[in-house]
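Numbering (UniProt numbering), first residue to last: 1 to 168.
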């Protein structure tokens, strides 16, 4: 167990991958903070492997989700191997959650929810050279895919209701 002071302000989001026997990925944790930074951690170390933060003269956006999702609606995919942004878009309202539909399959569907009760589903296998990834948008308050199954999606809607939807 490791205990470190990871950020200057509260951590809003944390996610991890790898570490299980069936995972081909090195164990990693990613944290996003109110201080505007995102850090990638090897849980065996006390210092972050990668730190991504705004330049000193840039405004620090409150990071709410760690596949980069910020209060201004920016969504960014960061290639850690090449240390560059590989794709970015703006959904126009604060990002609440970001999730790929399958944890161990390379970029299939990306589900992004926002403060405007909006859900955007990006098909990460269909990319237009000018318009970007194929995208569908509707209004919900949050969503998550179900563990171990590919197609069910659990949107969280107003008035506290929860549904299970199947998409293809």
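Yeah, the Cβ is synthetic: ideal placement off N, Cα and C, and Gly gets one too.
Item	Value
The region 2–11 touching the region 41–60, judged by at least three CB pairs closer than 8 Å	yes
Residue 41 beta carbon less than 8 Å from that of residue 28	yes
Distance between residue 26 and residue 18 (C-alpha atoms, nearest Å)	5 Å
Span of the beta strand (DSSP E), counted from its first residue to its last, around residue 12	11–17
Reference residue 88, options 72, 57, 102, closest by Cα	72
Continuous beta strand (DSSP E) stretch holding residue 55: start and end	No beta strand (DSSP E) holds residue 55; DSSP gives it neither H nor E.
Proximity of residue 95 and residue 75 at Cβ, strictly below 8 Å	yes
Sub-8 Å separation of residue 109 and residue 100 beta-carbons	yes
Cβ pair residue 38, residue 15 closer than 8 Å	no
Which of helix, strand or coil DSSP assigns to residue 99	strand
Per-residue burial, residue 9 [other beta carbons within 10 Å of its own, 16 or more giving buried]	exposed
Rounded C-alpha distance that separates residue 137 from residue 90	13 Å
Helix, strand or coil at residue 37 [DSSP, three-state]	coil
Range covered by the beta strand (DSSP E) that runs through residue 71	Taken as a continuous stretch (DSSP letters only), residue 71 belongs to no beta strand (DSSP E), as it is neither H nor E.
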